[in-house]
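Trainee: One structure, as C-alpha cells, below. Some questions next.
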Amino acid sequence: MINTGSFEAPLARSRFDTRQVPKRDAMALWRDSINVLFDARLRRSQDDGFFASVDAAFIGNVALGRTQSSAQDFDRSRHKLARDGMDGFLLQFYASGKSMSRRGSGETAGPGDLYLIDMAQPLATATSDHDHLSLVVPRRLLEGRLAGSGNHHERVLPAGLPLVSLLRETMTSIYRHFDVMNASEGAATVSPLLELAAAAINNHVREDNAQGVQRALRASIRRYIDSHLLDPALSVEKVMGEFGVSRRTVYRLFEPLGGFSACITHRRLERAMDFLRAPQSAHMTIAEVAASYGFTNPENFSRVFKKTFGLSPRQMRHFASENRDLTSDILKPDSAEWTRWIVQLGR
C-alpha cells in the first residue's frame, strides 16, 4: 500500500569540517564561520594539525550542535558586542577538553560540566583540544524561566549535579537522534529541554537584581536600535522617549559597549559591510552605500570602515567579488547555514 500521509519536513541540519577543504584555506574559513559567535585564534601553529568541525541542527527556536576543534582562544570583546548585537545564552557541555577564562576570573569548565555564556557580555577564554555540545538559546526563551535575575555569565555547574547530568544526557540524546528526527519532532523537544535547563541553572542561582534589570533593559534597547537602525531620526532622545529612561541611564547602560553612539555606528557599519559583500551592491557607488546606512560624509564612512574592518569599502567589495565563487564552492550553501541560524537566534 502506498503511504499517502502528510509530508514531514526534515530537520534543518548543517555540517562544516575543515578537513574537507584545502589545508591553506582551513583556518580562514573556520574563522569566517565561527565569527558569528567568537573571534578565534589558534593556540599552536596551524601546521601542527589544525582542524574544526560543526554538526548542527535548528530545532524549533534554538540551535543544537557538536563542535570538535583544536585548542583555541575565543573572544567576545566589547567592540564585537557592539557590532553584532547578539542577545542570548550559550550552554555547553564538554565531552573532552576544557575551557578557562583568560582574564583571571571565572572557573574552568571540564568534561561533563555545564558552562553558561551570556552572549551580551565580554568573554576571553582558552580551550584545549575539545569536543563539546552547544545549545544556543535566545534570551527571551530562557531568561523568563530562571529564578531571580542573577548574572549567569561564565558560570560552571559541576558535572555531578543530578539536574546537570540529566540535562547533559538529554542534549546528547537529542543530538544522537538528528539522523532520524524530523522538524516537528525536533521542535517538540525544545520546551521540555529549556525547562530542564532552567531547572539545572535555578538549582544554583546567584541573586544580582540590579545587574539583571540593567542587562534586560540594555538588550531591549539594542533590539529597538536594530529595528530602527536605518532611521535617520534614531537618537538617544528617541530611546529615552520609547523606554521612559533618562539620558544618563542610556549612557550608563551602553558604557560597557563603548557608548551609545559607538554602538549605533558599529551596527550600521556591520550592515554596510554585509551589503558591500553582496552582489546587489555592485550598481551603487560607495557614497550611495554610505548614505543608505546613515553616513552623510562618504570620506568619513570610508575612514571609519577601514579602521573597523581593516579594509576600505572599495577593497571589501572587491575582495568579496574575487572570493565569492571560491567560498561558495568550498563551504556550499548548507555548510554555512548554521551561521545564519545563530544570527537569527541571537538578534
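Each residue of the sequence shown is one higher than the one before, counting from 1 in UniProt numbering. For each residue, glycine too, the CB sits at the ideal point set by N, CA and C. Remember, predicted model here, so these are calculated numbers, not experimental data.
1. Give the straight-line distance between the Cα atoms of residue 278 and residue 290, rounded to the nearest whole angstrom.
2. Measure the alpha-carbon distance for residue 136 versus residue 94 and round it to whole angstroms.
3. In chain order, what residues of the same chain have a beta carbon less than 6 Å from the beta carbon of residue 326, not counting five sequence neighbours either side?
4. Which residue from 198, 146, 69 and 57 puts its Cα closest to that of residue 19?
5. Beta-carbon separation of residue 86 and residue 40 under 9 Å?
6. Use the C-beta contact count for residue 11: other C-beta atoms within 10 angstroms, 16 or more gives buried, fewer gives exposed.
7. My assumption, with CB atoms under 8 Å, is that residue 153 sits in contact with residue 117. Please give the rounded CB distance.
8. Under 9 Å between the Cβ atoms of residue 114 and residue 167?
9. To the nearest angstrom, how far is it from the Cα of residue 156 to the Cα of residue 26?
10. Between the alpha carbons of residue 17 and residue 51, how many angstroms are there, rounded?
11. What residues in its chain sit with their C-beta under 7 Å from that of residue 75, if we drop five residues either side in the sequence?
12. Which ranges does the alpha helix (DSSP H) cover as unbroken runs of at least 4 residues, wholly within the UniProt domain "HTH araC/xylS-type" (219-319), from first to last along the chain?
13. Looking at the structure shown, is residue 74 part of a helix, part of a strand, or coil, going by DSSP?
14. Using a Cβ cut-off of 9 Å (strictly closer), state whether residue 230 contacts chain B.
15. Inspect the CB distances between the stretch 265-277 and the stretch 302-311 and report whether three or more fall short of 8 Å.
16. Can the beta-carbon of residue 317 be found less than 9 Å from the beta-carbon of residue 295?
17. With distances taken from CA atoms, which of 66, 72 and 228 is nearest residue 31?
18. Assess, as a yes-or-no matter, whether the stretch 129-146 is touched by the stretch 48-67 under the definition of 3 or more beta carbon pairs within less than 8 Å.
19. Relative to the C-alpha of residue 203, which candidate in 145, 49 and 133 has its C-alpha closest?
20. Going by the DSSP bridge assignment, what does residue 182 pair with across the sheet?
21. What are the boundary residues of the alpha helix (DSSP H) that residue 31 is part of?
22. Enumerate in chain order the residues of its own chain whose CB-to-CB distance from residue 199 is below 6 Å, with the five nearest sequence positions on each side excluded.
23. Near residue 302, what residues of its chain come up, given a Cβ to Cβ distance below 6 Å and the 5 sequence neighbours on each side ignored?
24. Spatial neighbours of residue 284 within its chain, please: CB distance less than 8 Å, with the 5 preceding and 5 following residues excluded, ordered by chain position.
25. Whole angstroms is fine: what's the gap from residue 88's alpha carbon to residue 159's?
26. Taking only the alpha-carbon atoms, compute the straight-line gap between residue 79 and residue 254 and give it to the nearest angstrom.
27. Which residue or residues does DSSP assign as beta-bridge partners of residue 17?
28. Which residues mark the beginning and the end of the alpha helix (DSSP H) in which residue 199 is found?
29. According to DSSP, what are the bridge partners of residue 137?
30. Evaluate residue 65 with the Cβ neighbour count: other Cβ atoms within 10 Å of its Cβ, from every protein chain shown; 16 or more gives buried, anything less gives exposed.
31. Just tell me which of 266, 42, 218 and 180 has its CA closest to the CA of residue 9.
32. Do residue 264 and residue 229 have their C-beta atoms within less than 9 Å of each other?
33. Report the CB separation of residue 98 from residue 127 in whole angstroms; it is logged as a contact under 8 Å.
34. Out of 194, 43 and 315, point me to the one whose CA is closest to residue 130's CA.
Mentor: With the given structure in hand:
1. 15 Å
2. 15 Å
3. For residue 326, the predicted model reports a pLDDT of 37, less than 50, meaning its position is unreliable; a value from the coordinates is still stated below. Taken in chain order, the list of residues that qualify is empty.
4. 69
5. The criterion of a C-beta distance shorter than 9 Å is not satisfied by residue 86 and residue 40.
6. Label assigned to residue 11: buried.
7. 7 Å
8. Pairing residue 114 with residue 167 gives a Cβ-Cβ distance under 9 Å.
9. 31 Å
10. 8 Å
11. 38, 39, 123 and 124
12. 236-243, 247-254, 260-276, 286-292 and 298-309
13. strand
14. Considering every chain present, this structure includes no chain B. It has just one protein chain.
15. yes
16. At least 9 Å separates the beta-carbon of residue 317 from that of residue 295.
17. 72
18. Counting Cβ pairs under 8 Å, three or more are found: they touch.
19. 145
20. For residue 182, which the question treats as bridged, DSSP gives the partners 10.
21. 23-34
22. Closer than 6 Å at Cβ, skipping near neighbours: 163.
23. 312 and 313
24. For residue 284, where only same-chain residues beyond five positions count, the Cβ hits under 8 Å are 292.
25. 23 Å
26. Rounded to the nearest angstrom, the two C-alpha atoms are 12 Å apart.
27. 53
28. 190-202
29. 89
30. buried
31. 180
32. yes
33. 7 Å
34. 43
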